[in-house]
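A.B. asks:
Residue numbers (the UniProt record's numbering): 1 to 86.
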């Protein structure tokens with residue numbers, strides 16, 4: 001699936017651990033695929049391409065979007081890895 005590969009690439013660029021990358025599984029694609037498309041385009045495309053955000057700032061933006069989207073499982077994944085960024 002394109003989205004999963006793209007997420008892996010983003011995690012790699014953001015230096016997110018391989019363990020987290022392997023464990024990433026979202027059920028949101030089953031329950032609301034349209035939201036997933038909008039959400040992924042925003043977080044993994046628009047946010048990354050906009051400006052010169054460093055990894056920490058980018059993670060904060062993504063975490064804010066995850067909170068606003070009420071996506072707790074994805075938030076937990078990003079929060080643990082974001083806390084290791086300097």
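Glycine residues also receive a C-beta, built at the ideal position from the N, C-alpha and C atoms.
Source: prediction; values computed, not measured.
Could you tell me the alpha carbon to alpha carbon distance between residue 83 and residue 64, rounded to whole angstroms?
C.D. replies: 14 Å
A.B. asks: For residue 69, does the three-state DSSP call read helix, strand or coil?
C.D. replies: The answer is coil: DSSP assigns residue 69 none of H, G, I, E or B.
A.B. asks: On a Cα-Cα basis, can you pick out the residue from 42, 73, 71 that is closest to residue 58?
C.D. replies: Looking at the Cα atoms, 42 is the closest of the given residues.
A.B. asks: Could you pull the start and end residues of the alpha helix (DSSP H) that residue 43 belongs to?
C.D. replies: No alpha helix (DSSP H) holds residue 43; DSSP gives it neither H nor E.
A.B. asks: Tell me whether residue 66 is buried or exposed, calling it buried when 16 or more other Cβ atoms sit within 10 Å of its Cβ.
C.D. replies: With 16 or more Cβ atoms within 10 Å of its Cβ, residue 66 is classed as buried.
A.B. asks: For residue 156 versus residue 27, is the C-beta spacing smaller than 9 Å?
C.D. replies: Residue 156 is absent from the model: the chain starts at 1 and stops at 86.
A.B. asks: Compute the Euclidean distance between the alpha carbons of residue 29 and residue 38, then round it to the nearest angstrom.
C.D. replies: 11 Å
A.B. asks: Rounded to a whole number of angstroms, what is the C-alpha to C-alpha distance between residue 79 and residue 49?
C.D. replies: Computed Cα separation, rounded: 21 Å.
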